[in-house]
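Colleague:
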Amino acid sequence: MRAYIVEGGRPLMGPVRVHGAKNSVLPILAAAILAPGESVIHNCPALSDVDSSLAILRRLGCRAEQAGDTITVDASALTGSAVPDHLMREMRSSVIFLGAILGRTGEAELSLPGGCELGPRPIDLHLEAIRALGAQVREESGGRLYCRGKLTGGEIVLARPSVGATENAMLAAVAAEGTTVLHNAAREPEIADLQGFLRTLGAQVRGAGSSTIVIEGGKPLHGGEFTVMGDRIVACTYLSAAAAAGGSITVTGADPAHLSAVTAVFSEAGCAVRSGGGGVELISRRPLESAGAVHTAPYPGFPTDAQPPVMAALARGRGTTLFVEHIFENRYRHVSELRRMGADIRVEGRVAVVCGVPALHGAAVEAADLRGGAALLVAALGAEGESVITGVHHLDRGYASLEADLCALGGRVRREELNLY
Ligand code: UD1
Numbered sequence: 300m301r302a303y304i305v306e307g308g309r310p311l312m313g314p315v316r317v318h319g320a321k322n323s324v325l326p327i328l329a330a331a332i333l334a335p336g337e338s339v340i341h342n343c344p345a346l347s348d349v350d351s352s353l354a355i356l357r358r359l360g361c362r363a364e365q366a367g368d369t370i371t372v373d374a375s376a377l378t379g380s381a382v383p384d385h386l387m388r389e390m391r392s393s394v395i396f397l398g399a400i401l402g403r404t405g406e407a408e409l410s411l412p413g414g415c416e417l418g419p420r421p422i423d424l425h426l427e428a429i430r431a432l433g434a435q436v437r438e439e440s441g442g443r444l445y446c447r448g449k450l451t452g453g454e455i456v457l458a459r460p461s462v463g464a465t466e467n468a469m470l471a472a473v474a475a476e477g478t479t480v481l482h483n484a485a486r487e488p489e490i491a492d493l494q495g496f497l498r499t500l501g502a503q504v505r506g507a508g509s510s511t512i513v514i515e516g517g518k519p520l521h522g523g524e525f526t527v528m529g530d531r532i533v534a535c536t537y538l539s540a541a542a543a544a545g546g547s548i549t550v551t552g553a554d555p556a557h558l559s560a561v562t563a564v565f566s567e568a569g570c571a572v573r574s575g576g577g578g579v580e581l582i583s584r585r586p587l588e589s590a591g592a593v594h595t596a597p598y599p600g601f602p603t604d605a606q607p608p609v610m611a612a613l614a615r616g617r618g619t620t621l622f623v624e625h626i627f628e629n630r631y632r633h634v635s636e637l638r639r640m641g642a643d644i645r646v647e648g649r650v651a652v653v654c655g656v657p658a659l660h661g662a663a664v665e666a667a668d669l670r671g672g673a674a675l676l677v678a679a680l681g682a683e684g685e686s687v688i689t690g691v692h693h694l695d696r697g698y699a700s701l702e703a704d705l706c707a708l709g710g711r712v713r714r715e716e717l718n719l720y
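Using the numbering used here, you'd call the opening residue of the sequence shown number 300 and step up by one each time.
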């Protein structure tokens with residue numbers, strides 16, 4: 300069993316550059332299906348979710364090659380429109396292939412992404428969006444979905460600004476003949492990045508980053524070249540690690556403007572935070588104070604993905620901070636593990652009350668999901684003694700260079716194969 304072994308209590312110092320954004324590269328790889336040509340995509344992180352996307356692309360008959368952090372996809376010879384169940388299950392966001400496959404081929408067969416990691420994750424809004432463009436959707440028992448139809452542009456009104464549904468709607472609309480107006484779209488920076496990539500393919504898309512996205516669909520597409528934005532959640536994780544362990548770090552590679560909801564929380568908690576020169580510097584020398592109430596919300600609000608690592612940082616300190624999780628129902632699975640490290644956290648429904656304690660201690664803990672795993676790592680870096688974190692495959696989905704980055708900052712983190720017998 301693989302594990303991270305963390306010796307806590309060492310301050311983090313120096314610069315760290317984050318890799319490309321997972322939540323940007325995944326929809327961009329799906330979007331490459333739309334163009335009968337070669338897409339060259341730079342700043343792609345080495346993540347297991349990226350591997351899963353490449354496996355889906357190859358299964359569909361695309362050429363997909365990786366050299367360093369550049370991925371080349373040639374979808375000219377696309378042969379398939381069905382994604383097998385086992386590939387759908389490897390990654391929850393595989394549903395993002397729906398709009399692209401349907402748009403390119405007029406049909407798509409895939410299964411519902413299974414499981415229940417953060418509470419129910421339905422895809423009703425994705426299906427409503429493609430139906431609004433004329434697709435017929437048939438769902439068979441066992442969760443297999445059959446979608447087909449010639450798409451035409453139309454009005455789509457999302458009941459809530461779902462990130463994935465916005466992306467699926469954009470991909471389908473690019474292929475749909477005519478104008479699509481997407482209302483109540485998600486405004487996350489990754490949506491604007493997807494728009495940037497689609498434009499390099501020749502698509503006419505505008506408005507991403509606002510609540511209304513307009514797409515003139517059915518235009519001929521071609522290959523293109525694009526560089527993926529930096530990962531704002533990895534940046535938040537490293538800032539959380541420095542806040543927890545103490546020290547002074549400068550995070551580059553992600554747009555500081557994308558981090559402001561999180562840096563505001565650390566300022567409130569008593570860290571010195573400064574943005575400039577393309578990076579964010581965080582200095583944490585004193586025990587953290589209360590950050591008041593932190594409500595997760597769609598962008599530009601506080602990101603739900605940053606809630607676990609930021610909570611882990613605030614678990615040690617002097618104040619009481621309230622977290623209110625508005626996006627996912629079951630996103631506190633890290634709390635029971637943080638308690639094993641000595642944290643004083645109480646969960647009631649969507650609210651977590653975090654009473655800062657003077658010190659956390661190392662413990663054997665298990666990651667139950669990706670960002671929950673990041674929370675355990677953050678807590679372990681700030682704890683006294685050694686922690687053993689298992690469930691590292693969750694972390695591999697979203698962090699490409701944790702060990703190297705944290706060691707370069709002065710942390711003691713190593714990855715080991717544990718022999719439990
Ligand atoms: C994306 C991100 C994920 C992040 C989340 C919220 C990717 C690959 N993943 O996930 O890291 O935590 O945004 O910022 O980009 N919902 C419905 N019906 C739907 C779709 C969503 O009810 O058809 C609900 C979900 O259950 C959830 C909320 O809407 O409660 C937000 O989900 P959504 O924005 O769609 O998240 P994802 O795209 O899955």
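Built from N, CA and C at the ideal position, the CB exists for glycine as well.
Please state whether DSSP places residue 303 in a helix, a strand or coil.
Modeller: Position 4 of the sequence shown, counted from the start, is the residue given in the question as residue 303. Here residue 303 sits in strand by DSSP.
Colleague: Determine the contact status of residue 636 and residue 605, defining contact as a CB-CB distance below 9 Å.
Modeller: Here residue 636 corresponds to residue number 337 of the sequence shown, with the count starting at 1. Here residue 605 corresponds to residue number 306 of the sequence shown, with the count starting at 1. The answer is no: Cβ separation not under 9 Å.
Colleague: My output table needs one value for residue 592: the three-state DSSP class, helix, strand or coil.
Modeller: Taking the first residue of the sequence shown as position 1, residue 592 is located at position 293. Strand.
Colleague: So for residue 489, helix, strand or coil by DSSP?
Modeller: To locate residue 489, count along the sequence shown from 1; it is residue 190. The answer is helix: DSSP assigns residue 489 an H, G or I state.
Colleague: What is the rounded straight-line gap between the Cα of residue 565 and the Cα of residue 674?
Modeller: To locate residue 565, count along the sequence shown from 1; it is residue 266. To locate residue 674, count along the sequence shown from 1; it is residue 375. Distance between the alpha carbons of residue 565 and residue 674: 15 Å.
Colleague: Over what stretch of residues does the alpha helix (DSSP H) that includes residue 681 continue unbroken?
Modeller: Counted from its first residue, the sequence shown places residue 681 at position 382. Residues 669-681.
Colleague: Given a threshold of 16 other Cβ atoms within 10 Å of its Cβ, counted over all protein chains shown, does residue 571 qualify as buried or as exposed?
Modeller: Your numbering for residue 571 matches position 272 in the sequence shown. Exposed, because fewer than 16 other Cβ atoms sit within 10 Å of the Cβ of residue 571.
Colleague: Pair every Cβ in the stretch 300-313 with every Cβ in the stretch 347-358, then say whether three or more of these pairs are closer than 8 Å.
Modeller: Cβ pair count under 8 Å is below three, so no.
Colleague: Is there at least one non-hydrogen atom of ligand 1 closer than 8 Å to the beta-carbon of residue 639?
Modeller: Counted from its first residue, the sequence shown places residue 639 at position 340. No, the beta carbon of residue 639 sits no closer than 8 Å to any heavy atom of ligand 1.
Colleague: Going along the chain, which unbroken runs of the beta strand (DSSP E) with 3 or more residues stay wholly within the stretch 607-632?
Modeller: The qualifying runs are 619-623.
Colleague: Going by the C-beta, is residue 483 closer than 8 Å to any heavy atom of ligand 1?
Modeller: The residue given as residue 483 occupies position 184 in the sequence shown. No.
Colleague: Report yes or no: do three or more beta-carbon pairs, one from the stretch 347-354 and one from the stretch 513-523, lie closer than 8 Å?
Modeller: No, the stretch 347-354 does not touch the stretch 513-523.
Colleague: Going along the chain, which residues of its own chain have a beta-carbon closer than 6 Å to the beta-carbon of residue 362, five neighbours each way excluded?
Modeller: If you number the sequence shown from 1, residue 362 lands on position 63. Closer than 6 Å at the Cβ level, and outside the excluded window around residue 362, lie 373.
Colleague: In this structure, what does DSSP give as the bridge partners for residue 693?
Modeller: One-based indexing of the sequence shown puts residue 693 at position 394. Residue 693 pairs with nothing; no bridge assigned.
Colleague: Scan the stretch 551-583 and note each continuous alpha helix (DSSP H) run of 4 residues or more that stays entirely inside, going in chain order.
Modeller: Listed in chain order, they are 559-567.
Colleague: Let me know the secondary structure DSSP gives residue 506 once reduced to three states.
Modeller: The residue labelled residue 506 in the question sits at position 207 within the sequence shown. Residue 506: coil per DSSP, three-state reduction.
Colleague: Could you name the residues that DSSP lists as bridge partners for residue 438?
Modeller: On the sequence shown, residue 438 is found 139 positions in, with the first residue counted as 1. Residue 438 pairs with 444.
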